[in-house]
Each structure stands twice: as C-alpha cells, then as structure tokens.
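Protein chains in written order, with the working numbering: chain U, 625 to 911; chain A, 500 to 661; chain X, 1089 to 1534. Everything below concerns the one structure shown next.
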Amino acid sequence: MNRSLIISSGLHVALIILTALSLPFLAKKPIDLPPIISVELIQITEKTNIPFAPKAKKIIEKVKEKEKQLVSEQAPPKKIEKTKTKTVVSLDQNNETIDNQTPEAVPLPEKTVKQIKTKEEKKQNPEKVDEEVKQVSEFEKKELFDPNSIAALIDKSKQDTTDLKTPKNLVSQDQEKNIENSNLSLSEEDALKAQIFGCWSIPLGLPYDENLLVRIKLKLKPDGSVIDSEILDHARMNKPGQGFYKVLAESALRAIKLCQPLRVPSTGYERWKDLQLNFDAREMLEG
Amino acid sequence: MKLSKIFKNTILVLIACLALTACATKKTATSLGGQIQGDVYTGTDSVEYLADGVPDRVFFATNESILTTASRETLRKQAAWLRKNSDVNVVLEGHADERGTREYNLALGERRANAAKDYLMTYGISSDRISVLSYGKERPVDSGSNPLAWSKNRRSVTVKAN
Amino acid sequence: MKKFFILIILFLLPVNSYALIEVDITRGNLNPLPVAVSPLSIDENSKKQFKDILDKEDVGAEISNVVENNLRTSGLFNPLNKDAFLQAPDIANLKPRFEDWNLIKAQALITGKVNFEDGKLRVEFRLWDVLAAKEMMALAFTTVPTNWRRVGHIISDKVYERLTGEKGYFDTRIIYVAEEGPKVKRIKKLAIMDQDGENNKFLTLGNELVLTPRFNPTSQMVTYLSYFKNLPRVYLLDIETGTQEVVGDFPGMTFAPRFSPDGKKIIMSFAKDGKSDIYTMDLENRIVEKITNHPSIDTSPSYSPDGKYIAFNSDRSGYQQIYVMESDGSNVKRISFGNGLYGTPVWSPRGDLIAFTKLHQGQFYIGVMRTDGSGERLLTENYYQEAPSWSPNGRVLIFYRETKSDDDGEGFSAKLWSIDLTGYNERQVKTPTDASDPSWSSLLSN
C-alpha cells in the first residue's frame, strides 16, 4: 500500500509539473481563428453585389481598402471582432455601414461558412481552411488587378453554360460560375435551398464513392412553378452500371415536383427564370 | 507575470488531480466474501467430489487457461485418486463464462480442459484414460449475470466416463 | 455593313443579360419515402378458388400486406395508411388518378392484380411514380398458390431495387437456433423461417445441443455444430430431404463451420491439444486441407465473396483479434487494432466491409470495418450481443442479443435483432421462441 502511494504521488507531482509548464502554450491557440473567417466574408460581399461590370469596379476598390485595413489589424483579437461585425452588416445593407448591430450579425457568419463549405466540396479538395483562404485571395488578386476582365469573365461563363459536353472538368468550372454569376442573394438562395432540403428524400442505398451529382436545368414561371425540367448528363440515366444515377435523378425530380411552387425571389424574374439545381448527395451519404 | 500564471495553473491542476485520485484496493475479494482471488473462483459452492477430499473441478481467470496453485493441488489429488482406481476413465469438460463470443468460448473451453489434462498426465495418468470435451458457454453452473457467477462458470470439470 | 453591325449588337447584347444561376442542393432528408401499397385487385372467382386452396379470405390483400411489411421494416419506405386510399384497387391498377394519390402525399404507388389460372397463382404488379405521373415498372409472376408469400417478397425486392438502386433482400430465409428452458439446461433446435418471421419450421428435435447454423449460398444445404452423442462435430443438413451427415473424420471437436462462396467447401475450426486451427474440406472429393498452423486459437473463419481471402478470429497476439489471410493460409495480416477484444468476423457479400463483434469495458458492440481494418464504425452497443450475419445485398446485419439475468437466473432472454449498415433502423426480428446464432440465406430467386 505504501509503495503504491509513493509511486502514485510521485507520478502526480510529475504530471502537475508537466501540465503547469505546458498550459500556457495551450492557451494561445484559439486566437488564430478569427482572421480567417473575416477574410472569407469579404469574398461574399463582393460576389452578391456585382450586377454590372462597371459597378463592380467601384465595389472592388472599396473592398480593396477594407482588406488593407484588416491586414493591419490582425494582432489584437478584439479589434478583429469589430471589423467582423462591420463587414457582416454590410452584406445585409448593401454596403451601408451601421454600427451596433451585433445581434443581427450573429447568425450570418454561420451561413457564410456553410457557403464556403459547399464550394470546398465541389472542388473535391481536402477541407483545409488554409487552402480556401489562398483560393479566395488568388481570386481577389485577379479582380483587384484587372477589374476590366470581369466583362470577359462573364462572357466566358455564358459560353460555359451552353457547353454541356465536358462533364469531368465541370466541377471546378461550376465553382467559378458560382462565384461570378450566381445572382441570387444569399438569403434568396438559402430560402430556396431550405425548401428543397425538405422535399428531397435521398435514397440511402447509393454507393458513397461514385459521382453523385445530378444537375437539373429548370425553366420557371414567375410564381415559381416549373415549366420545363431537363436533366443534364441525361445519357447517364440509361447507362448500364449507373443504375444508382437514375435512382438519384428520379429522387431529385420528385423533390422538384414536390416543392412546387419553388421559393423564388419576388423580383428580378429575368435573373432566375432559368435556374439550374445541382443535387449533390455526397455530403449526406459520406456521413 | 509568467511565474504567477504557472503558480495558478499548478494550484488548478493540483485540485483537479486530488479530485481524481484513486487508490488501489482489493475490493473484489472482500466485497464478494473472499470467494474470488485474482479473478479465479476460490469458493466451494459449486464444487462436487469424485471421492472424499477430491474436488472434481478447477477454475480459471477471464480469458485464461493457466492453472493456479489451488488448481494444481486439486489436480494432484485427482491424479492420486485416478492412480488408485486404475479402471476409471474420465472426461474433462471445459467451460467458459457467458461474457465472450460463442465460437471462441468453445475453443477456450477446450484449451482449459486440455490444460488440466496435461497436468494430470505429468502425474502419470495415461492419455488413453482422459478425453477432453468443451461446452463453451453452453452449460453454465450458475445462471446469474454477475462476476461471482461468471467465475464459477470458468471451469474444467472431471467427470467419470464409466 | 449593316449586317456586320447587327452581328456586333447581337454579340454585345448577351453581355448585359443574366447568366444561368446555379444553386447547389447538398442536403436532403433521410425520411422514408412515402409509398402507397394498394391491395392487389382480385376477381370473385379467383378469390374463392384461393380461399379454398390457401384458406385465406383475400390473397390479393395478403400479398400486398407482405409487400407493405417488407418495405416498412427496411426503414427506407413509409407505407401509407390504406384507409386514406381514394381509388379502388382494380381501377388503380388500370390507370391511377395521380392527383388522388398525390393528395395523400404518396410519391410512389404499387398496384396489381391476382388471377387464378389453370390451378396456378398469377400476379401482375405495377410501380407508379406519382409525382411524375407515369409507370415505372410492370411485371407478372406465375407460380403455385402456396408460394404466394414469395411473390410478395419478390415484388418487394423489385420495388426496392427500382427505388433505391440496390438489390433487395426480401426473398430470403433465416436459419437460427431456437432456444427454450433454463440457462443451465437450455434446449436448442435448428429453425428456419422467412426473413419476415413467417413460415417458421423446426429442423431438429432438441435432443442434442446444436449451434451456429450457416446456409450454403448455392444450394439448400446447411452446416452447423451438433453435440450428437456428446461429440461436438460439424454436420451437413439437407433442408429438402432432412438427411444429416458428419463432415470429415476428425479425432476431436470441429466447430464454427461456414461454406465457401461457391458452396463447394466447408471451412471450420478443429480443436486439439489446447489449440484450434482452421481447416477446409472439399465436399466432393472429401479432401481436407489445413489452413492455419499456430499454437493459438484460430476460429470463426469467413471467406471473401470472391473466395480469395479468409477473415478469421485469432488470439495469437494474446487476445482475440481479427486477421485476414489468403485462402491458402499465406500472408496472415492482423486488421483489428482498436481497444478491446474482436470476434466473429463476417465478410460482406459486397466485398467491401467486414462486420464483427467487439467487447470493450464490459459492453458488446456490433461494428463494421473496411477489409484492411480502417474505417471502424460501431453500429450498436448492448449488454450482450454478437454474431452478425449479412443480408445478401450487404446492407443489413442480423445478430442476436441476450439480456442480463438476475442472481436467480430469471429474466434471461435471447432475441434476434437487425440493423441497417448506416446504424439506423435497429429492430427486433420476431421469432416464436427465444433465438440466437442467426444466418441469412442468399436470395432465393436468382
């Protein structure tokens, strides 16, 4: 009994010394996170506020300034939080800055993070946040240094939508398209997504590691009902060995039918009368 | 600044450690009336006798087939009795407790009975007189679901074959 | 020149119009698909004929009940309440009014017709996509009337496959050990039943202890362990004829038998002198091969579906772990490395996973891992459960659970349970008595 007591107390003392010395190091880590999130927010602001190329130039310049501010304010954590709320609020209010609106700001960061997550998945890259940040800044660099190329970029994307014959590269192209052309604001997009999430019954039996992306192009009426739907990659429906694709596509079509009328924005019919829904079951099935 | 921080941490950790300290005890034996020692049943509740003073069974620890000192003592008595009654043949029935998978327990029962058989053979009993039969966990002697019952079931029983 | 300007304008215009908006839908719900199973329509004459033969009031309704029950227990479908159905079965089978079915929120509809034809049972069924308002599938089956349950199971399999993309598992049977009596003197009999718990039959009388029965994947044969004459040995049982024969001529206990995927060999353990090794015996030429040779306990062997590998349970590292080796016994590799003891490895018919039992800190777990040991996932935890067996589509696991008994040995029960690979839909499989050691057959209709 005595021996075990001595050994036990000896080990305890050793443990105490170890943890006492190491604790200060552990405490430092959390501080690193906030700067990453705030950079991503800037990315989204830009995206949802580019109706025309000329206006975009102005906005990009504004963003450029804001980014310069952030870069210099990285060290003390408190300051970063302030800029975070500022940029978040600007999403809501179309670049008007209003102070003291932290309660509203709270839910939005989650949404933006979600948005980023879906982009990450489409890239089919590992989910390192660092990589995302790099991508974002690369994109920003492009815009910042050559705002006039936005017109060229928009043209390019128009060509992409008509070109349906290169399925393999489309995943990364889709991501570009999303950043450049999605003209639904975040809240509009989230409303539509939330509606369809409820309608889409995903068949559980699908293999995890196959390409589980079904893209459906819709023509909509102003009230959100569907005039016409078209499955891109239609040829896959009847390919032998791709039976699960047919099942998945049918479940997506059922979801669309079930959800009519779709929750479309109340204005800007010209923007969204042609809508493409990309049903990707991978996130649900990999869990 | 750093020193006081370390000091605070030490106090915190010290309190946490004290809260978590446990001392080694020998609870199992005392709380079950001294019938289990080192996870092996040492009682006599379920023991039957081949003859006066010759217990018919030996017990084992969980997942083990090692013979304890007490088991070897029992087997020596059995060997002596078998030498005296040279026309008796025996079947050693090996058993396991219910806390394991069925097929593995069949093999474990066989291993336990064999351990007993090997020991009897070292005392001159011919292997022709001893056969081995495993029942795995199928024939417990105690149907309870507690450590004491399980320890009684981990056994090798010597049964007269003729 | 004018044309040139017009062309330029046409090119410029698209720049100012809107690009195609894309929205990513990455989440949905995992709710069971609402499906309406209409009772199969049947004319009065056929109805009467089947009542005489089968003693069933309405075999059309009975078959649809089998389908409804199968779809519900799979956990992937939600069969809607029949009372809400607006269309009569015979009309629905001809041309369903999809708006009616839409009203009750059905997304798929099953209708059909039953006929008595020349002494045979003819069943026709159709699967409709209610939302798309079109027919998805139409098939007809003819068989002897007593096979009406199997028709229900085959319809269920077809519907399941069409809607989930996976092969079904409903036209299958389960063989298991039926148990009765006190723990110290349990009476055990071999029993076989349909996967939905119906048609239960006992195959042995209970005079000797029987354990771990397994199906031959290609024929109506079963292998199991019997203590006939107090000698535990592996036996073969022909379900159709009832004949039993001992496998091989081993001078000691053989146990833990399984068939090879082609049904031609039996693989099992043979215990001698305190160690157990794995052996195979060819059923045709009766040649016996020794596969493992180690002083440890090697047991619970299970072939991969291509017959090239064997997963087994060994304590050569000191404690029960799972190993994989080639079918000739070479290249033995350990694949289980978590905390605890691992046993009863079973290779999935899809070849991608190995299911197992794990014992850790006094609790039993049923889990799966990839064939290299990675991706270990525990599906369910219990006081005592073990011996998972795969459905033929590699999707559902059936296993058994025992409850704790009190100090007098009362309150003990053993029951069969099943769970989906995703960890959902854990449910008890009904049996007339207590049950253990379940094994799933392959699809009866091939």
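Glycine residues also receive a C-beta, built at the ideal position from the N, C-alpha and C atoms.
Nearest to residue 1161/X by CA position, among 1257/X, 1270/X, 1381/X, 1139/X, is which residue?
The candidate whose alpha carbon is nearest that of residue 1161/X is 1257/X.
Using 8 Å as the threshold, is the region 1223-1236 of chain X in touch with the region 1479-1491 of chain X, meaning 3 or more CB pairs across them?
No: the two stretches stay apart, fewer than three of their Cβ pairs being nearer than 8 Å.
With H, G and I counted as helix, E and B as strand and the rest as coil, what does DSSP make of residue 1519/X?
It is coil, neither helix nor strand.
Could you tell me if residue 1140/X is buried or exposed, where buried requires 16 or more neighbouring beta carbons within 10 angstroms of its beta carbon?
Burial call: exposed.
Buried or exposed: residue 644/A, going by 16 or more other Cβ atoms within 10 Å of its Cβ?
It is buried - the Cβ of residue 644/A has at least 16 other Cβ atoms within 10 Å.
I'd like to check one pair, residue 556/A with residue 656/A: are the Cβ atoms closer than 8 Å?
Against a cut-off of 8 Å, the Cβ pair of residue 556/A and residue 656/A comes out as a contact.
Would you kindly check if the distance between the Cβ of residue 1126/X and the Cβ of residue 1172/X is under 8 Å?
It is not a contact, given that the beta carbons lie outside the stated cut-off.
DSSP puts residue 1409/X in a beta bridge; with which residues?
BP columns for residue 1409/X point to 1402/X.
May I ask you to list, following chain order, the residues of the region 1502-1514 of chain X that have a beta carbon less than 7 Å from some beta carbon of chain U?
Those residues of the region 1502-1514 of chain X that come within reach of chain U (Cβ to Cβ, closer than 7 Å) are 1510.
Give the C-beta separation of residue 1207/X and residue 1151/X to the nearest angstrom, bearing in mind that I take them to be a contact with Cβ-Cβ under 8 Å.
Wrong, their Cβ atoms sit about 18 Å apart, outside the cutoff.
What residues from chain U crowd round residue 502/A, counting only those whose CB sits closer than 7 Å?
Those do not exist, as residue 502/A stays about 11 Å from chain U at its closest Cβ, beyond 7 Å.
Taking 8 Å as the cut-off, decide whether the C-beta atoms of residue 549/A and residue 614/A are in contact.
Their beta carbons are not under 8 Å apart, which means residue 549/A does not touch residue 614/A by this criterion.
Can you give me, in chain order, the residues of the region 626-638 of chain A that have a beta carbon less than 9 Å from any beta carbon in chain X?
Within the region 626-638 of chain A, the residues whose Cβ lies closer than 9 Å to some Cβ of chain X are 631, 632, 633, 634, 635, 637, 638, listed in chain order.
Tell me residue 1489/X's beta-bridge partners as DSSP assigns them.
Residue 1489/X pairs with 1473/X, 1503/X.
Tell me the DSSP secondary structure of residue 652/A in three-state form.
In the structure shown, residue 652/A sits in a helix (DSSP, three-state: H, G or I).
For residue 1527/X versus residue 1262/X, is the C-beta spacing smaller than 8 Å?
Cβ atoms of residue 1527/X and residue 1262/X: closer than 8 Å.
With a threshold of 16 other CB atoms inside 10 Å of the CB of residue 1092/X, please say whether the residue is buried or exposed.
The residue is exposed, with fewer than 16 neighbouring Cβ atoms inside 10 Å.
If you measure beta-carbon to beta-carbon, which residues of the region 1305-1321 of chain X are closer than 9 Å to chain A?
Flagged, chain order: 1313, 1315, 1318, 1319, 1320.
Would a C-beta distance cut-off of 8 Å place residue 1358/X and residue 1350/X closer than the cut-off?
Against a cut-off of 8 Å, the Cβ pair of residue 1350/X and residue 1358/X comes out as no contact.
By the three-class DSSP mapping on this structure, what secondary structure does residue 1307/X have?
Of the three classes helix, strand and coil, the one that applies to residue 1307/X here is coil, per DSSP.
Quick one, which residues of the region 1253-1274 of chain X are near chain A if we go by CB-CB under 8 Å, in chain order?
Of all residues in the region 1253-1274 of chain X, 1270, 1271, 1272, 1273, 1274 have a Cβ within less than 8 Å of some Cβ in chain A.
For residue 1512/X, which of helix, strand or coil comes out of DSSP?
It is coil, neither helix nor strand.
Can you pull the DSSP bridge partners for residue 571/A?
Paired residues: none, contrary to the question.
Taking contact to mean at least 3 C-beta pairs separated by less than 8 Å, is the region 1330-1342 of chain X in contact with the region 1513-1532 of chain X?
As far as the Cβ criterion goes, the region 1330-1342 of chain X does not touch the region 1513-1532 of chain X, which means the pair count is below three.
Going by DSSP, what residue range makes up the alpha helix (DSSP H) through residue 1241/X?
From DSSP, the alpha helix (DSSP H) with residue 1241/X extends over 1236-1252.
Does residue 631/U have its Cβ less than 8 Å from a Cβ in chain C?
In summary, chain C is missing from the structure at hand, where the protein chains are U, A and X.
In chain order, what residues of the region 880-904 of chain U put their CB closer than 9 Å to some CB of chain A?
Per Cβ criterion, the list is empty.
Whole angstroms are fine: how far does the CA of residue 651/A sit from the CA of residue 1115/X?
If you take the alpha carbons of residue 1115/X and residue 651/A, they lie about 55 Å apart.
What is the residue span of the beta strand (DSSP E) that residue 1281/X lies within?
Segment 1275-1282, the beta strand (DSSP E) holding residue 1281/X.
State the Cα-Cα distance for the pair residue 1328/X and residue 1300/X, rounded to the nearest angstrom.
Approximately 19 Å between the Cα atoms of the pair.
How is the alpha helix (DSSP H) around residue 601/A delimited, first residue to last?
Start and end: 601-621.
Which two residues bound the contiguous alpha helix (DSSP H) that contains residue 1189/X?
Counting along the chain, the alpha helix (DSSP H) containing residue 1189/X begins and ends at 1186-1191.
Can you list the residues of chain X that residue 867/U reaches, using a CB-CB cut of under 7 Å?
Those are 1253, listed as they occur along chain X.
May I ask you to report which of helix, strand or coil DSSP gives residue 1162/X?
Coil.
Could you tell me the boundaries of the beta strand (DSSP E) in which residue 1216/X lies?
Where residue 1216/X is concerned, the enclosing beta strand (DSSP E) stretches over 1208-1217.
What is the DSSP secondary structure of residue 1200/X, counted as helix, strand or coil?
Residue state, collapsed to three classes: strand.
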